[in-house]
Amino acid sequence: MKQIYIANVLEAYYKSYRKLNSKDRIYWTQYDALDGNRSLLYGGDEKIIVSTTPINRQHWEYTCGLAGWKNTLNLVPEEKTTSICSNILTDNSLNTQFIKAVKTNPGIEIIPYRHTEEFYALTEYLHAQDLKFQLPETLPQEHRFIETYFHSKRGFRHLWEMVKDPKLSIEIPEGFITADREEALEAAYYFRVTNRDFLFKYSRGVQGVGIIFNEADKLPADKETFIEKTGELLKDDIWSEGCIVVEEKIHADTAVMGGSPNVEMMITPEGEVKQSYACEQVLDRDGKTFMGVGINPDVYESEYIKTAFRAAKNFGRKLSEYGVRGVFDMDLVVSKDGRVYAVESNIRRTGGTHIHEYCMALFGINYMQKYYIKSYELKVGAKNGKNLEYNGAREILKGLLASRADKSGIYFVNPDFLEMDFLVLMLVSKDKKGLRRLESEVKKRFERGNYG
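Per the UniProt record's numbering, the very first residue in the sequence shown carries number 1; after that it's consecutive.
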């Protein structure tokens, strides 16, 4: 075995979710527990995936078969909790299997989704047993602050000001890093007075959680009334933590790469910053909740993307100087007046990393110049009180699924999300028209509702 991937998505965010209202807390806890199962698509052969919930076995075999992977393993705890790294320490069966994997594969790479306190506790435990392993995407624990700080909305704006290049046609939206809820409301009123739409950002938000859009002309002009009404939006406990970013909302030109493209980078163990891929982000109707990615030659060849890659390289070089290693990305917005803005960065594996790495395994490193790819969540619902299951989804998509002989078609990304009535797919075609036909056919088949 070459790598162990730890799918600690929920572990990274459960503390923040505790501060949400009950409905949102339950939803996002379940979502993240299942979301980690996308980790099957990471890397190549000779790997172990440690996940909170088991990855569908039929999906596992089909996915590995398409890529030609022959030696892969899924480890799960007997009882799932919010912390998979803690489970590795406390679950006897999982602990035994994990230790055996590290011991029998000296030098194996251990790669988490996020570098949490629990993950560092796990690495200390492994070091104490004198086990030999590598952490190619991990800072030393004593420097963990660097990653958590620059991963935040506040840290992103700070680092941007440190490295920005005035010669590049890219900037960040005007905004303020406020100390608390009261100061955030004062900053918001500034945007109301200047009649500009704005948003509140929870500094450690993810998946659209902790982002509130506001239309200036729909809010009271009187300051006292404005503070009272707008303050009602910031009731959840997350807004009491301090440090809220308030910034101008950039109205996206959705005709240009969906209006919200993204570039992803990799900082190698040696500290070199390399570009990975660029994509359109597929967002939900709310304009903030991430649903998937679109990767294609049009995005790759865009001048906006070329500029963003240069800016991200500057950003990454500074992160590298601080000791950061592994994946980071930069989210962008292309405005209606043709300007590109950087709006945040995630210093971790992202919602597109698994798609990129699986496509490299399937199609080679230059796939983004040759294929049109779209991965997204499709809400399928239930029929007669019964969730759609994996085999049922395969039957509905019969004739469209990819094979080793013809790799164009439809791939399952994470069928375990069917538990929440989401079907996560990846569509692949050699041209734009073919991709549109696939997407149209998927929509048509699921509109029939012939499942349940």
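Glycine included, each C-beta is placed from N, C-alpha and C at the ideal position.
Around the beta carbon of H143, fewer than 16 other beta carbons sit within 10 angstroms, so the residue counts as exposed. Nearest neighbour of S375 by Cα position, chosen from V76, R436 and V193, turns out to be R436.
If the five residues before and after L94 are omitted, its C-beta is found closer than 8 Å to the C-beta atoms of V50, L75, V76, P77, E78, N87 and I88, all from its own chain and listed in chain order. For Q58, the enclosing alpha helix (DSSP H) begins and ends at R57 to A67.
Judged by their CB atoms, N387 and D329 are not nearer to each other than the 8 Å cut-off.
Leaving aside the five residues that flank E174 on each side, the residues in its chain whose CB is nearer than 7 Å to its CB run, in chain order, E247 and E248.
Within the same chain, Cβ atoms closer than 6 Å to the Cβ of H251 are found at K336, the five residues on either side in sequence being excluded. Fully contained in the segment 206-283 are the following beta strand (DSSP E) runs of length 3 or more, in chain order: 209-214, 244-248, 261-267 and 273-283. Excluding residues up to 5 positions away in sequence, N296, S429, K432 and L435 lie with their Cβ nearer than 6 Å to the Cβ of Y372 in the same chain.
Secondary structure of I347 (DSSP, three-state): coil. Assigned with DSSP and collapsed to three states, Q3 falls in strand.
In the three-state scheme derived from DSSP, where H, G and I count as helix and E and B as strand, I172 is classed as coil. Distance from the CA of M1 to the CA of G316, rounded to the nearest whole angstrom, comes to 30 Å.
Counted as a single uninterrupted DSSP element, the beta strand (DSSP E) harbouring S375 occupies residues Y372 to K379. Counting only unbroken stretches of 3 or more residues, the beta strand (DSSP E) elements lying wholly within the segment 281-347 are 290-295, 326-334 and 340-346, in sequence order.
Between N71 and D35, the C-beta gap is not smaller than 8 Å, which leaves the two residues out of contact. Its chain contains R114 and T116 as the residues whose beta carbon lies nearer than 6 Å to that of A12, once the 5 sequence neighbours on both sides are disregarded; these appear in chain order. One Cα belongs to K379, the other to D222, and the distance between them is close to 41 Å. Separation of G258 and T350 (C-alpha to C-alpha, rounded to the nearest whole angstrom) is 18 Å. Take the alpha-carbon of Y390 and the one of H356: they are about 23 Å apart. Assignment of beta-bridge partners to V428 by DSSP yields I373 and G409.
For the pair D236 and N214, the CB atoms are not nearer than the 8 Å cut-off. In the three-state scheme derived from DSSP, where H, G and I count as helix and E and B as strand, E46 is classed as coil. The secondary-structure analysis by DSSP pairs Y202 across a beta bridge with I244.
A33 is the residue among K318, A33, Q3 and A7 whose C-alpha sits nearest the C-alpha of Y17. Per DSSP, T104 is one residue of the alpha helix (DSSP H) stretching across N92 to T104.
Per DSSP, the continuous beta strand (DSSP E) segment holding T72 begins and ends at T72 to L75.
Classified as buried, P112 has 16 or more neighbouring CB atoms from the shown chains inside 10 Å of its CB. Taking C-beta atoms under 8 Å as the contact rule, T52 and A7 qualify, at a distance of about 7 Å. Using a C-beta cut-off of 8 Å, the segment 303-316 makes no contact with the segment 398-408, since fewer than three inter-stretch Cβ pairs fall below that distance.
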